[in-house]
Amino acid sequence: MIVVKNSNVHSKRIEGTLFLIDLDSDSMIELNEVGSCIWESFSQTETFDNIVKKITDEFEIEPERAKKDVHGFLKELKRCDLISFKEA
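In the working numbering, the protein residues as written are 13 to 100.
Given below as structure tokens:
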């Protein structure tokens, strides 16, 4: 599974914090450090497993915890129509 950003969602970093700007709903979402890392991975056509590995390595957390956290974050982004999925 590959994560694809919604083309109407843009990101902007302001004073070290990453914000998502959804042009469809005119809303802005602030991401934490882990969320920012995950979002920035999407620009590289990352698979779910690659994103989990990156989070595990960068934040030194257990793989199972990383899987759960990444899955929850992706599920929320999908619910808000900020991303979609396609087969690898």
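C-beta: ideal position from N, C-alpha, C; glycine also.
Which residues DSSP lists as bridging residue i, in chain order
| i | result |
| --- | --- |
| D34 | V21 and S39 |
| I67 | DSSP, once it has assigned bridges, lists no residue as partnering I67. |
| S96 | V16 |
Residue of the options minimising C-alpha distance to residue i
| i | options | result |
| --- | --- | --- |
| N18 | I63, E45, A78 and S37 | S37 |
| K24 | L86, I41, F97 and V16 | I41 |
| F97 | D81, T59 and N20 | T59 |
| N20 | D34, A78 and I63 | D34 |
| V46 | K87, A100, V82 and E88 | V82 |
| A100 | N62, E74 and P75 | N62 |
| T29 | L43, K87 and S39 | L43 |
Residue environment, residue i, which counts as buried when at least 16 other CB atoms sit within 10 Å
| i | result |
| --- | --- |
| L94 | buried |
| V16 | exposed |
| F85 | buried |
#### Entry: Inter-stretch contact (C-beta, 8 Å, three-pair minimum) for the region 42-54 and the region 63-76
Contact holds: three or more Cβ-Cβ distances are below 8 Å.
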